[in-house]
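For the sequence shown, position 14 (counting from the first letter as 1) is numbered 1243 according to the working numbering, and the numbering increases by one without interruption.
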Amino acid sequence: METSVPDQILARLTEAVEVIAVTGKGDGPRAVLASWPECQGKIARRRRTYPPRAISRAEEAITWFSLIEDPDARRALQFEVMCKAGGGKFSRICEKYGWKRSTVTSRNKAVLRRLAKRLGEESPVDH
């Protein structure tokens, strides 16, 4: 079964969070990490190295968050992505903020579809 483009984008964003969580905390601009929700510290540290190509892919994918104009939608998607990357339980995040998980998940899917459309207009998702 073929994965949809929004699912591919979600996978790339999750991969990007994993890569940057391991490689991006020691050096480089902190602005990218500063905008992430607080659950970032819960991502398990793994002693792993990534090739430069994987780091470049991660950096590219992280910039996709800036294409989401609504800050609340961007934040909700960031939370879900970070939880999928190992940063905690999304249901707990939803409880904390008073969100209904199913509603946020379906809204995130809509955000991913719009993001897929926007990325499709600008450049291909998977290089």
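No residue lacks a Cβ here, since even glycine has one placed at the ideal position from N, Cα and C.
(message) Taking a contact to mean a Cβ-Cβ separation below 8 angstroms, would you say Ala1287 touches Arg1336 in this structure?
(response) Sequence index remark: in the sequence shown, residue 1287 carries index 58 (1-based). Sequence index remark: in the sequence shown, residue 1336 carries index 107 (1-based). No; because the gap between Cβ atoms is not below 8 angstroms, this pair is not in contact.
(request) State the DSSP-derived secondary structure class of Ser1233, mapped to helix, strand or coil. (result) To locate residue 1233, count along the sequence shown from 1; it is residue 4. Coil, per DSSP.
(message) Can you confirm whether Arg1304, when its beta carbon is compared against all beta carbons of chain C, has any partner nearer than 8 angstroms?
(response) Absent from the structure: chain C. Only one protein chain is present.
(message) For Ile1284 and Val1251, what's the separation of their Cα atoms in angstroms?
(response) Looking up residue 1284 in the sequence shown gives position 55. Looking up residue 1251 in the sequence shown gives position 22. The alpha-carbon atoms of Ile1284 and Val1251 are separated by roughly 10 angstroms.
(message) Please classify Glu1309 as buried or exposed, where buried requires at least 16 other C-beta atoms within 10 Å of its C-beta.
(response) Looking up residue 1309 in the sequence shown gives position 80. Per the 10 Å Cβ criterion, buried.
(message) Going by DSSP, what residue range makes up the alpha helix (DSSP H) through Ser1285?
(response) Start at 1 with the first residue of the sequence shown, and residue 1285 comes out as number 56. It spans 1281-1292 - the alpha helix (DSSP H) in which Ser1285 sits, taken as one unbroken run.
(request) Might you give, ordered along the chain, the residues of its own chain that have their beta carbon closer than 7 angstroms to the beta carbon of Ile1297, omitting 5 neighbours on each side? (result) Start at 1 with the first residue of the sequence shown, and residue 1297 comes out as number 68. Counting only Cβ-Cβ distances below 7 angstroms, and skipping sequence neighbours, we find Arg1303, Leu1306, Val1340, Leu1344.
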